[in-house]
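A short worksheet on the structure shown next.
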Amino acid sequence: MILKAVDIRDFDFTGYGTYYNMTGDRERVYRTLGEEFEDYMTRTPLIDTPGHLGYTVGMGAPYVLKAMEKHDHTQEALFCAADPVILCVAKARGDEPPLAEDVRALILNPGDVAVLDRNIWHDACHGIGKRTAYYYLASQGPAPALWVRVAGDRVLVQCSGRLKQTPGQDNPAPGRNTHS
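According to my numbering, the sequence shown is numbered sequentially starting from 4.
What follows is the structure, given as structure tokens:
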């Protein structure tokens, strides 16, 4: 099956975790503007356990989704910084492997953060047409994560087409602190 990735802003992420648009969410994200910088920080911690910072370089899409992992001991926050990435997710069905029919492919743009709930199947993010790096935050488990083959049809993940631009920011006076 061909699975076209959709922008996470156009997807109801409820049931998979929490989505943050760092530059556009004024309810859950603080904003500080200086003369030479913009700063955004979530108002609450991203994950509910102490976290370890990880760094992954994903291959480019299109790609065939072969395996996924899930964690029962931690949430996992994935950060898109410089270039868009594709993240595949699937809800767990007990102890069954991830099922192709349950997989959703999402595009995270710079400034997007996806915080996965426990036991949500996910793959490593992939760049769009090129290798792309991203960071993640999760508590280290007692053993390395177990990657499980996706059951069902072969899943070819593709970009859905034109990428959305991250909206530009209004520019209040330099040095204005909107940190509440």
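For each residue, glycine too, the CB sits at the ideal point set by N, CA and C.
Below 8 Å CB to CB, which residues in the same chain sit around residue i once its five sequence neighbours on both sides are set aside?
i           : result
residue 132 : 63, 64, 162
residue 102 : 93, 96, 153, 154, 155
Just mark residue i as buried or exposed, buried being the case when its beta carbon has 16 or more other beta carbons within 10 Å.
i           : result
residue 58  : exposed
residue 79  : buried
residue 87  : buried
residue 19  : buried
residue 74  : buried
residue 141 : buried
residue 17  : exposed
residue 85  : exposed
residue 25  : buried
Just verifying my parser: in three-state terms, what is the DSSP assignment at residue i?
i           : result
residue 50  : coil
residue 79  : strand
residue 117 : strand
residue 105 : helix
residue 134 : coil
residue 31  : coil
residue 13  : helix
residue 42  : strand
residue 25  : coil
residue 157 : coil
Taking the Cβ atom as the reference point for each residue, do residue i and residue j lie within a distance shorter than 8 Å?
i           : j           : result
residue 160 : residue 110 : no
residue 61  : residue 135 : yes
residue 11  : residue 115 : yes
residue 125 : residue 71  : yes
residue 4   : residue 151 : no
residue 148 : residue 22  : no
Considering only DSSP beta bridges, list what residue i is partnered with.
i          : result
residue 4  : Answer is none; residue 4 lacks a bridge partner.
residue 93 : 124
residue 66 : 160
In its own chain, which residues sit with a C-beta less than 6 Å from the C-beta of residue i, not counting the 5 before and 5 after it?
i          : result
residue 77 : 52, 141, 142
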